[in-house]
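Just so you know, we're using our numbering here: the sequence shown kicks off at 4 and counts up by one.
Beneath this line is the structure, given in C-alpha cells, with notes to follow.
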Amino acid sequence: MRGSITLFLSLFFVLYAHAQSVISGTVSDVAGEPLVGVTVLEKGSTNGTTTDFDGAYTLKCRHNKPVLVFSMIGYLSTEAIPAGDNNSVNIILQENTVSLSGIEVVGTRAINRSATETPLPIDIIPVSQVAANVGQPDLNQLLQYVAPSFNSNRQSGSDGSDHIDPATLRGLGPDQTLVLVNGKRRHQSSLINIYGTRGRGNTGTDLNTIPAAAIERIEILRDGASAQYGSDAIAGVMNIVLKNSVDEFNGIITAGQCKEGDGKMLNLSGNYGFKMGEKGFTNVTLNYLSRGRTNRATDSLYRLQFGDAEADDFTAMFNSSMPLGGSTELYAFGSYNYRFTDAFAWSRSAGSARNILSIYPNGFDPHIQSTINDKAISAGLRGKVRGWNTDFNNTFGMNNFHFYVDGTLNASLQEKSPIRFDAGGFQFSQNTTGLTFSRPFESVAKGLNVAFGTEYRIDNYQIFAGEEGSYQTYDKDGLPLNIFTPDDKIVYQTDANGELVLDEDGNPTRRPGGAQGFPGFQPANEVNEYRTNIGAFVDTELDITDAFMIGAAVRMEHYSDFGNTFNYKLASRFEINDNIALRASVSTGFRAPSLAQLYYNTIFTNVISGQAIDVVIAKNNSPLTHALGIPALKQEKSFNVGFGVTLKPIAGMSLTVDAYSVDITDRVVLTGTFYDDDEQIGADLRALNVGAAQFFTNALDTKTLGLDVILTYARKLGLGRLQATVAANFNKMELGDIKTSGKLVGKESTYFGKREEAFLLASAPPSKVNVTLDYKINKVNFNVRAVHFGEVKLMDWLDRDDIYSPKLTLDASLGYSLTPNVTLTVGAANLTDAYPDVQDIETEGGGNYDAVQMGYAGMFYFGRLSFKF
4 MRGSITLFLS LFFVLYAHAQ SVISGTVSDV AGEPLVGVTV LEKGSTNGTT TDFDGAYTLK
64 CRHNKPVLVF SMIGYLSTEA IPAGDNNSVN IILQENTVSL SGIEVVGTRA INRSATETPL
124 PIDIIPVSQV AANVGQPDLN QLLQYVAPSF NSNRQSGSDG SDHIDPATLR GLGPDQTLVL
184 VNGKRRHQSS LINIYGTRGR GNTGTDLNTI PAAAIERIEI LRDGASAQYG SDAIAGVMNI
244 VLKNSVDEFN GIITAGQCKE GDGKMLNLSG NYGFKMGEKG FTNVTLNYLS RGRTNRATDS
304 LYRLQFGDAE ADDFTAMFNS SMPLGGSTEL YAFGSYNYRF TDAFAWSRSA GSARNILSIY
364 PNGFDPHIQS TINDKAISAG LRGKVRGWNT DFNNTFGMNN FHFYVDGTLN ASLQEKSPIR
424 FDAGGFQFSQ NTTGLTFSRP FESVAKGLNV AFGTEYRIDN YQIFAGEEGS YQTYDKDGLP
484 LNIFTPDDKI VYQTDANGEL VLDEDGNPTR RPGGAQGFPG FQPANEVNEY RTNIGAFVDT
544 ELDITDAFMI GAAVRMEHYS DFGNTFNYKL ASRFEINDNI ALRASVSTGF RAPSLAQLYY
604 NTIFTNVISG QAIDVVIAKN NSPLTHALGI PALKQEKSFN VGFGVTLKPI AGMSLTVDAY
664 SVDITDRVVL TGTFYDDDEQ IGADLRALNV GAAQFFTNAL DTKTLGLDVI LTYARKLGLG
724 RLQATVAANF NKMELGDIKT SGKLVGKEST YFGKREEAFL LASAPPSKVN VTLDYKINKV
784 NFNVRAVHFG EVKLMDWLDR DDIYSPKLTL DASLGYSLTP NVTLTVGAAN LTDAYPDVQD
844 IETEGGGNYD AVQMGYAGMF YFGRLSFKF
C-alpha cells in the first residue's frame, strides 16, 4: 500500500511539473535596451510577474501551452506563444503613442503622455527595486539617499520631531510639498515642528506611514504645481502609486544594527493581491518595523543620552478596484498606521531645581514617548460619461499624536511626584471630495487634452489636554499654585543639608511644575477648529506639432478663513530631434497657513546654553498676539520659473538638467523668543503673566535658486549588465528683510534672528550628489552608492557659526538569488562611518551633532531575505 501511494505521488508530481512549464526570457525596446517593470501574464489567469533591471523574467505557467501577454505603460501590449518545447521567449515592445490605458503621471492629466514627454521634470522611482538594495527600511530615509532634491534627517531632543521626521523638497519647507497617493491628496501630520530642526514652524506629511512594500513607484514632480493640484504644491508634488499585482506573495525580512552595537532594526513585510471577478483586484500589505535607539552622547550635563529614538511601527494598507460594467470602475485604497516612539529629552542634573534627589540621586534624562495613530481611506467611481473620463472621489485622513513623558517628575510635587505622565496631544483630520473630467481631442492640431474639476475640503485641528500633573505647578500642600499663593507655601529647592538654594541674584530657586522634558497641554490650550475650502481648476495640454507642445492651467480657491486665491501655470516642451528636447515652465503658487500654525499654543521647556526655561507659544488670534500687534496669518505666495534640457548623447544614456527659481513671499515662520524684561514689550508680557513668548507670523520673503542634474547609463559589461546613475541637486536660498509688527520694529534680530535664519537656510545642503552603480550577472547583484553632502552652516546660542564640512557616505550591498523565488542580500549603509563635524557641546547645550547631512548613527549593517511565490 505504501509503495502504491509513493508511486501515485511520484506520478502526480511528474505530471504537475510537466503541466507547469517554466518560461523565461527578456523584454527590450526597439533600440535593444532592456525594459524594467514590464508585466508578464499568463493569458486567462492572474498568474504573472514583472521584468527586472535586465529586462529579464521567469514565469512558472499553469498550462502546458501558455499564451504570454506582455504589457507596460507607454508600449503596445504583445502576446506570444512558446514554440514547441522552447522555454525561452524574448520580446521587443513597440512604443504606444496613442494610449497609456488611462493611467496618469503626476504633472499631466493627459493619459497619452509618458513621463519622458511631459514639459516638467519628473522622477519615477521604482521603490521595490530600489529598496531591495538598500538598508533603509522607512520611506523617508530611502528617499533621502535616492532623490537628491529630497532631504530628511532624524532628530534628537526635538520633542515631536523625534517621532515624525520632517522632510523637504528642493530646500523648501516640509509643508510646501504636496503628497498624493494614487493621485489623491494625502493628509498632513498633526505635528508642527517647533524646536531647532529642519522645517521649524512647519507641518508636513508623515511619509513613514506608508510602507515601501505597498508601493509600486513614486513620481516626484520637481516643479511648482499649485494651479494643477492646489495648496502645498509650491516646491513640487510627490505621487505614491500603490501596487495592484495579484496572485503573487512578496515577503521581506530585514535585520540590522549599527557598528556601535545599538540601533537594532527588524522589518517584516508581506504583500499579496487577490483577484476579484475577471478584472478586479485587492492588494494588501502588512508591515512591521522595530527600530532600537542609538546613543551618541559624550560627557555633558545637558545630554546623558543623544541619538535616534526607539520606535515600533505597524502598518496595514490596501489598494483595490472592481469593474461595475462598461467603463465604470469602483476603486478604494487606504491605510492604518500605529507607531510607538520613545525619544530622549534633555538631561536634568542632580543639583538642578528640576530634580528631586530622593527620586533621582544622579539626575535623570526624561523620555518623551508617543503613540501615533494615522488612518486614511479613499474611494471613488471612475469611467466615461459622454466621452469624458470622469472621476468622483472622497478621501478622508486623520493623524492623532498623543504624548507621554516617562522617567520624569513634577518637581513641585517633590517626593510625591509620579515618574510618568499623560501629556495630551493633538489631532488633524481632512476630508476631500473631488470631481474631475478629462478628455483628449485628437483632431485638434496634433492632439489636445482638456481637464477640469472641482474640489471641496474640510480640515479640523484639535489640541487635547494631558493629566493635571503633567502641566500644573503645586504648592507645599499639593494644591495648584496661583497668584494668591503665599510665599511660604511655594516649593523651593533645597540642598542635601536642607538649606535653600539661591540663584545668582540671591533669591530662592523655585521648584518648577509640569512634567520635565515635555510639560503637558493644559485645558487652556485646547482647541477644536475647522476650515473649509472650495476650488476649481482647468488644465489643458496642446500638441501643436509632433515636436512642440504647450500646457496651461488655472485654479481658483476660496478659504473660509482668509478668502480667495487665483493661480496659473504655463509649460512647454520642444523636441529638437529624437535626442534633444527643451522644456520650460512658469507658475504662481500658494500655501494656506496650516490650522496648526493658526491655533497651536502651549507652554514648553526650552534649553538655552544649558539653562531650562519655560516658553509660551501663543496662537495667532490670542490676546498676546493682539497686544503685540501681530497681524493675522495670510497665505504664502510663490512665483516659480523652470527651464531644462533632456539629452540622449549615446545609446543607453540619458541626461536631464533643470534649473529653477522659486520666489516665496510672506513665509510663515516661528519667531524667536521675547522675554518679560524687554524694554518695549516686557510690560505687555507681564500684564498677561507671560515670562517668554513666541508666535507664528508671515515674517519674510525668500528666493531659492537651484539646479537638478540626472544622468543615467545602462550597458552590457562582460557577462552582466551595468546600470549607472548620477543625480545631483545644487541650491541656494536668499532671505529678504524681516517684516515685524509696529511694536516690534527694531527687534528684527529677535523676531527672526540669525539662528532662526540659519535653520531656514539649512533646509537642505547647498549640494547633494548621488552616484549609484548596479551590476548584475547571473544570480549575483552588486550595488554601490556614494552620496556627497555639501557644507552646512548653523549658528549656536552665542551667534557663532557651527560649520559642518562636506561629507561622503558609501553604501554597498551584495544580493544572491538562492532560487528563482528567494534572494539573500547583505550590505552596509555608511561604510565610511561618516559623522557630521562635532559641535561645541557646552555652548550649544545639546549633543555632539545637529541633524544635518547623513545624520549621526554611523555605519549600519543589514541582511535581507526576499521571497515571492
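Backbone N, C-alpha and C define an ideal beta-carbon position, used for all residues, glycine too.
query	result
Nearest-angstrom Cβ-Cβ length linking residue 655 and residue 36, presumed shorter than 8 angstroms	6 angstroms
Residue 819 and residue 782 closer than 8 angstroms at C-beta	yes
Pick from 271, 276 and 433 that is closest to residue 401, judged by C-alpha positions	433
Three-state class that DSSP yields for residue 751 in the structure shown	helix
Sub-8 angstroms separation of residue 742 and residue 789 beta-carbons	no
Environment of residue 692 [buried if 16+ CB atoms lie within 10 Å]	exposed
Reduced DSSP secondary structure (H/G/I, E/B, other) of residue 788	strand
Integer Cβ distance of residue 144 from residue 155, believed to fall under 8 angstroms	7 angstroms
Secondary structure, alpha helix (DSSP H): runs of 4+ residues fully inside the stretch 137-161	142-147
Residue 854 vs residue 173 beta-carbon contact at 8 angstroms	no
8 angstroms Cβ shell around residue 513 - same chain, five flanking residues per side excluded	356, 493, 494, 495 and 496
Simplified DSSP state of residue 131, which is helix, strand or coil	helix
Between the CA atoms of residue 192 and residue 365 - distance to the nearest angstrom	37 angstroms
Residue of 472, 150 and 439 minimising C-alpha distance to residue 458	439
Cα-Cα separation between residue 429 and residue 413, rounded to whole angstroms	22 angstroms
Collapsed DSSP secondary structure at residue 217 in the structure displayed	helix
Run of the alpha helix (DSSP H) containing residue 539, from where it starts to where it stops	Careful: residue 539 lies outside any alpha helix (DSSP H), inside the beta strand (DSSP E) at 530-546.
Inter-stretch contact at 8 angstroms, needing at least 3 Cβ pairs: the stretch 477-486 / the stretch 554-561	no
Residue-chain proximity (residue 317, chain D), Cβ-Cβ < 8 angstroms	As a matter of chain content, chain D is missing from the structure shown, which is built from one protein chain.
Residue span of the beta strand (DSSP E) that contains residue 378, given as start and end	370-388
Coarse secondary structure for residue 465, derived from DSSP in three states	strand
Candidates 622, 415 and 313, of which the one nearest residue 464 by Cα	622
Where the alpha helix (DSSP H) containing residue 229 begins and where it ends	229-232
Pair within 8 angstroms by beta-carbon distance, residue 288 and residue 216	yes
8 angstroms CB neighbourhood of residue 635 in its chain, flanking five on each side removed	565, 623 and 624
Three-way DSSP call (helix, strand, coil) for residue 116 in this model	In this prediction, residue 116 scores a pLDDT of 43, lower than 50, which makes its location untrustworthy; no coordinate-derived value is stated.
Neighbourhood of residue 232 by C-beta, 7 angstroms cutoff - its chain only, sequence neighbours within 5 removed	181 and 240
Chain-order list of residues whose beta-carbon lies under 6 angstroms from that of residue 785 (same chain, five-residue window excluded)	778 and 817
Sub-8 angstroms separation of residue 136 and residue 828 beta-carbons	yes
Range of the contiguous beta strand (DSSP E) that encloses residue 412	Where residue 412 is concerned, there is no enclosing beta strand (DSSP E), given that its DSSP letter is neither H nor E.
Uninterrupted beta strand (DSSP E) stretches inside the stretch 396-452 (no shorter than 3 residues)	423-444
Close Cβ partners of residue 164 (< 7 angstroms) along its chain, the five nearest in sequence each way excluded	158, 196, 198 and 200
Backbone CA spacing between residue 415 and residue 695 [nearest angstrom]	20 angstroms
Collapsed DSSP secondary structure at residue 491 in the structure displayed	helix
Residue range of the beta strand (DSSP E) that includes residue 864	863-871
7 angstroms CB neighbourhood of residue 91 in its chain, flanking five on each side removed	27 and 28
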